[in-house]
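Here the structure comes first, spelled out in structure tokens, and everything after it is commentary.
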Amino acid sequence: MGLDSLMEDTMEVSADWALIEHGPVPLRCWWAEPRSIPLERNDLDQKRVVLVLPEVFGVNAWVRAVAERISSQGIPTLAMPLFARTAPGLDLGYSDADLVEGRRHKEATTAEQIMADVSTAMVWLQKQKPGAQLSLVGFCFGGQAALLAASLPGVSSTFNFYGAGVSRTAPGGGQPALERLPMVHGRLTCFCGTADPLIPADDRAAIQAALHSEDPSAQRFRYLEMEGADHGFMCDARSSYQREAAEQGWQVLLNTL
2 MGLDSLMEDT MEVSADWALI EHGPVPLRCW WAEPRSIPLE RNDLDQKRVV LVLPEVFGVN
62 AWVRAVAERI SSQGIPTLAM PLFARTAPGL DLGYSDADLV EGRRHKEATT AEQIMADVST
122 AMVWLQKQKP GAQLSLVGFC FGGQAALLAA SLPGVSSTFN FYGAGVSRTA PGGGQPALER
182 LPMVHGRLTC FCGTADPLIP ADDRAAIQAA LHSEDPSAQR FRYLEMEGAD HGFMCDARSS
242 YQREAAEQGW QVLLNTL
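Residue numbers for the sequence shown, in the numbering used here: 2 to 258.
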């Protein structure tokens, strides 16, 4: 997919499917690694890994491109499925029918399953890159999943892009993701667009208030609002893509991983 480059200092990437089998269910993931890292960046980059949590459309071409783009900055990146029990190889486009199909699997997924699968992927990543700091990057349903998983031990930073419903509920019901903020010990950045119908003004205010209540200084928890941006503004394969907001999102992400 055509992701606009924000940094010229990119590296060649090797990417392919990786099957992780030591958890509750097999996880068919996309694993992207830089082919080589310059010596002057090796000490820094070998100590970081990223786990990407996708939209309801699965580990599709855009999500794989996100993993590769992050990896091109010298940071090994794994994109994992969130629907491994009902659709382990889900790879959808962005039509209305695709959205209906993706939401069907979303409704069959629970917070407990997400936490178990993210934990499985984290163990695998630590075996690949021992001692590396882990960052979570999630989009849409994956943003909600990332906020949930931010409470797991060993997560150093989390980026939640337009995760809807985080102030209201959790996948499968139960405690909303925002109520887990006291258990989040790493850094957290939440991105919302002001024109996102799935995160209306009341929800955005609740997110901002919860982050401020837990971290008034905004040293660890940040809320960033993109004026006029719709849901899915980061994804250039969607009609809701907004270039300016996406470039800002990418710049924040790549500069603070």
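Beta carbons are placed, not taken as given, at the ideal position from N, Cα and C, and that holds for glycine.
Beta carbon of residue i nearer than 8 Å to that of residue j
{"i": "V60", "j": "P27", "result": "no"}
{"i": "T190", "j": "V119", "result": "no"}
{"i": "V295", "j": "L255", "result": "Summary: the structure shown does not reach residue 295, with the chain confined to residues 2 through 258, and so no result is reported for it."}
{"i": "T159", "j": "A151", "result": "yes"}
{"i": "A68", "j": "L79", "result": "yes"}
{"i": "H106", "j": "A122", "result": "no"}
{"i": "G250", "j": "F192", "result": "yes"}
{"i": "V156", "j": "L135", "result": "yes"}
{"i": "L148", "j": "A117", "result": "no"}
{"i": "E215", "j": "F222", "result": "yes"}
{"i": "A211", "j": "L182", "result": "yes"}
CB-CB length for residue i against residue j, believed under 8 Å
{"i": "D204", "j": "D231", "result": "Not a contact, Cβ separation roughly 15 Å."}
{"i": "E34", "j": "S72", "result": "6 Å"}
{"i": "I208", "j": "V167", "result": "6 Å"}
{"i": "Y242", "j": "F234", "result": "6 Å"}
{"i": "A246", "j": "D237", "result": "Not quite, the Cβ-Cβ distance comes to about 11 Å (not below 8 Å), so this is no contact."}
{"i": "R49", "j": "I76", "result": "5 Å"}
{"i": "T110", "j": "G24", "result": "About 15 Å separates the two Cβ atoms, so there is no contact after all."}
{"i": "F84", "j": "L93", "result": "With a Cβ gap of about 10 Å, F84 and L93 do not count as contacting."}
Residue i (DSSP reduced to helix, strand or coil)
{"i": "I76", "result": "coil"}
{"i": "E9", "result": "Any reading at E9 needs caution, since the residue's pLDDT is 46, under 50, leaving its predicted position unreliable; the model's value is listed next. E9: coil per DSSP, three-state reduction."}
{"i": "S158", "result": "strand"}
{"i": "F192", "result": "strand"}
{"i": "V124", "result": "helix"}
{"i": "L93", "result": "coil"}
{"i": "E226", "result": "strand"}
{"i": "V185", "result": "coil"}
{"i": "G143", "result": "helix"}
{"i": "L258", "result": "coil"}
{"i": "G59", "result": "strand"}
{"i": "R221", "result": "coil"}
{"i": "G103", "result": "helix"}
{"i": "Q243", "result": "coil"}
{"i": "Q249", "result": "helix"}
{"i": "D197", "result": "coil"}
{"i": "V64", "result": "helix"}
{"i": "A151", "result": "coil"}
{"i": "V119", "result": "helix"}
{"i": "D46", "result": "Confidence at D46 is low in this model, with a pLDDT of 49, below 50, so the placement of that residue should be treated as unreliable; the coordinate-derived value is given next. D46: helix per DSSP, three-state reduction."}
{"i": "Q176", "result": "coil"}
{"i": "A165", "result": "coil"}
{"i": "A171", "result": "coil"}
Enclosing beta strand (DSSP E) for residue i [first to last residue]
{"i": "A33", "result": "L28 to P35"}
{"i": "F140", "result": "Q134 to F140"}
{"i": "R205", "result": "Not the beta strand (DSSP E): R205 falls in the alpha helix (DSSP H), residues A202 to E215."}
{"i": "L52", "result": "R49 to L54"}
N-terminal and C-terminal residue of the alpha helix (DSSP H) that residue i is part of
{"i": "A85", "result": "It is not in any alpha helix (DSSP H) - A85 carries neither H nor E in the DSSP assignment."}
{"i": "A19", "result": "From DSSP, A19 is part of no alpha helix (DSSP H) but of the beta strand (DSSP E) over V14 to I21."}
Near the ligand NAP: residue i beta-carbon under 7 Å from a heavy atom
{"i": "S240", "result": "Judged by which ligands are present, the structure shown has none, so any question about the ligand NAP falls away."}
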